[in-house]
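Have a look at the structure below, then the notes.
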Amino acid sequence: MSKRIFTDAWLRPISADEAVRMVKLVGELGFSAIAIEGNDEIFRAASEAASQLGLELFRRKTINVNLREMLYEELSRHRWYYDLISVRSDQREVLMAALRDNRVDTVLLSHSSAPFIDHHMVSVANNLVEVALSDILEYGYESFYRVMKLAPYLRKNRIRVIMTSGASEISGIRTPRQLASVMLAIGVHPDMALDTVSGKIIELLRENREKLKGLLEPTGVWRIEG
Amino acid sequence: MYGELKVKKRYLLCRVRISSGSITASQLYSVIMNKLCELYGWNGKAVTSLKTWQIKDRQNYFILKCSLRGLPYLLISTTLVNKLNDEWIAIDVLRISGTIKALLR
């Protein structure tokens, strides 16, 4: 059995110092890769700390929009600068557009104002659905109820879900097993729950990094240096 | 027949990060039990049958004991604990094992 590469795909430190503290803690708790959201200064500080600890670091952008046109505008502006693009919206129409757009990587569905997932959304979902622990900690039941609605689709492999911490300070960071326990609590098989913090997401992040470097064409063709 | 009567246990090695610096085993027990009750009610508390011990000479390191059936309840409860008397708190589950000996190895 291969070793799992645990990934926390959403850390959003508020300062460079906090970013360094968070990266160190995440490395200590057993994560091998992280995605950071923040400005250049934060990313630079996090990058230095991550390279010392041997962690893979990726850069992430969360697009927060409520109009489809704005979503497309933001995507065309940001897609080729970030390893991971995530969309957060209160509008079902925007979320459906984000779920099927191949420029989007993950769609956040755990915040309290997110619409409930239904079979129409599931039928168009090509991208990963993201659940942030920070939403559950902040909104409590409202958020947890939305996560519970994902369980039947996840159990039948109709959607792919990832679990992230969404932490803005060190108090919001948990171990990989604890992040997976949210999925365990909604009745998902333990292996499937652990898959939400490893596996799919790291493959996607590495693929996106190669695309940004120009080594992988958006169509999936690899460029090999001769 | 006797196998059914035996309740399997799990031991968790935990580290607590708290803004005030330190916490006692009884405080940790009550904060986890409150969260457990909030999420799963009395049934969850009874199924989990939690016990907490502080590790000697190691501040903020604890051993939690629970039933195997209550392990998912305990894991989600420790994950969702984030406040204790207006201070932030985070519980890191570092290791899970069937025996204390293996846990501390």
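These protein sequence lines are chains A and E, in that order. 1055 is the number that our numbering gives to position 209 of the first sequence; each next residue is one higher, with no gaps. 978 is the number that our numbering gives to position 81 of the second sequence; each next residue is one higher, with no gaps. A virtual CB, placed ideally from N, CA and C, is assigned to each residue, including glycine.
Give every residue of the same chain whose Cβ lies closer than 6 Å to the Cβ of residue i, excluding the five residues on either side of it in the sequence, and list them in chain order.
| i | result |
| --- | --- |
| MET989(E) | Per the sequence shown, residue 989(E) should be read as Asp rather than Met. The residues are ARG912. |
| ALA999(E) | none |
| VAL866(A) | ALA891, ALA895 |
So is residue i in contact with chain E if we call contact Cβ pairs under 9 Å?
| i | result |
| --- | --- |
| GLY1012(A) | no |
| ILE860(A) | no |
| ALA873(A) | Note that residue 873(A) is Gly in the sequence shown, not Ala. For GLY873(A), the answer is no, since every Cβ of chain E falls outside 9 Å of its Cβ. |
| LEU1000(A) | no |
| GLY1018(A) | yes |
Hey, how far is the Cα of residue i from the Cα of residue j?
| i | j | result |
| --- | --- | --- |
| LYS932(E) | ASN912(A) | 34 Å |
| MET1029(A) | LEU1040(A) | 8 Å |
| LEU875(A) | LEU909(E) | 15 Å |
| ILE973(E) | LYS948(E) | 16 Å |
| TRP856(A) | ARG966(E) | 31 Å |
| LEU871(A) | THR1021(A) | 10 Å |
| GLY1060(A) | MET930(E) | 52 Å |
| TYR991(A) | LYS1002(A) | 19 Å |
| PHE877(A) | GLU894(A) | 16 Å |
| ILE1016(A) | LEU902(E) | 42 Å |
| GLU939(A) | TRP1068(A) | 34 Å |
| MET994(A) | ILE963(A) | 10 Å |
| LEU981(E) | GLY900(A) | 34 Å |
| TRP939(E) | ARG850(A) | 35 Å |
| VAL1007(A) | ILE1070(A) | 32 Å |
| SER969(A) | GLY1033(A) | 22 Å |
| GLN924(E) | VAL904(E) | 26 Å |
| SER1027(A) | MET1038(A) | 11 Å |
| ASN910(A) | LEU977(E) | 25 Å |
| VAL928(E) | ARG907(E) | 19 Å |
| ILE1005(A) | GLU864(A) | 34 Å |
| ASN885(A) | TYR985(A) | 26 Å |
| GLU1063(A) | GLU1049(A) | 16 Å |
| ASP951(A) | GLU915(A) | 18 Å |
Flag residue i as yes if its beta-carbon sits less than 9 Å from any beta-carbon of chain A, otherwise no.
| i | result |
| --- | --- |
| LEU925(E) | no |
| SER917(E) | no |
| ARG914(E) | yes |
| TYR908(E) | no |
| LEU972(E) | yes |
| LEU947(E) | no |
| LEU1000(E) | no |
| LEU961(E) | no |
| THR921(E) | no |
| LEU936(E) | yes |
| THR996(E) | no |
Assuming contact is defined by CB atoms lying nearer than 9 Å, are residue i and residue j in contact in what I supplied?
| i | j | result |
| --- | --- | --- |
| SER919(E) | THR945(E) | no |
| LEU1000(A) | ASN973(A) | no |
| LEU930(A) | ALA971(A) | no |
| TRP926(A) | LEU1051(A) | no |
| ARG980(A) | SER1011(A) | The identity of residue 980(A) in the sequence shown is Ser, whereas the question assumes Arg. Closer than 9 Å, so yes. |
| GLU883(A) | ARG858(A) | yes |
| TYR937(E) | TYR970(E) | yes |
| LEU903(A) | ARG949(A) | no |
Please return the same chain residues whose Cβ sits closer than 8 Å to the Cβ of residue i, not counting the five positions on each side in sequence.
| i | result |
| --- | --- |
| LEU941(A) | VAL933, SER935, VAL953, LEU955, ALA960, PRO961, MET967 |
| SER917(E) | GLU984 |
| GLU887(A) | ALA862 |
| ARG992(E) | LEU909, LEU910, LEU1000 |
| ILE1019(A) | ASP854, LEU857, MET868, LEU871, VAL872, LEU875, SER1011, ALA1013 |
| ASN979(E) | TRP985, ILE986, ALA987 |
| ILE915(E) | ASN957, LEU981, GLU984, TRP985, ILE986, ALA987 |
Take residue i and list the residues in its own chain whose beta-carbon comes closer than 7 Å to its own, dropping the five residues that flank it on each side.
| i | result |
| --- | --- |
| ALA922(E) | THR949, TRP950, GLN951, PHE959 |
| SER989(A) | SER956, HIS957, SER958, ASP981, ILE982 |
Can you list, in chain order, the residues of the segment 1020–1033 of chain A whose Cβ is nearer than 7 Å to any Cβ on chain E?
-> Contact annotation: in the segment 1020–1033 of chain A, residues whose CB is within less than 7 Å of a CB in chain E are ARG1020, THR1021, ARG1023, GLN1024, SER1027, VAL1028, LEU1030, ALA1031.
Listed from N- to C-terminal order along the chain, which residues in the segment 977–993 of chain E have their beta-carbon within a distance smaller than 9 Å of any beta-carbon of chain A?
-> LEU977, ASN979, TRP985, ILE986, ALA987, ILE988, ASP989, VAL990, LEU991, ILE993
Under 7 Å (Cβ pairs) to chain E, residues found in the segment 881–910 of chain A = none
Could you list the residues in the segment 1053–1064 of chain A with a C-beta less than 7 Å from some C-beta on chain E, going in chain order?
-> none
Chain E contacts made by the segment 979–994 of chain A, where a contact means CB separation under 8 Å = LEU979, ILE982, LEU983
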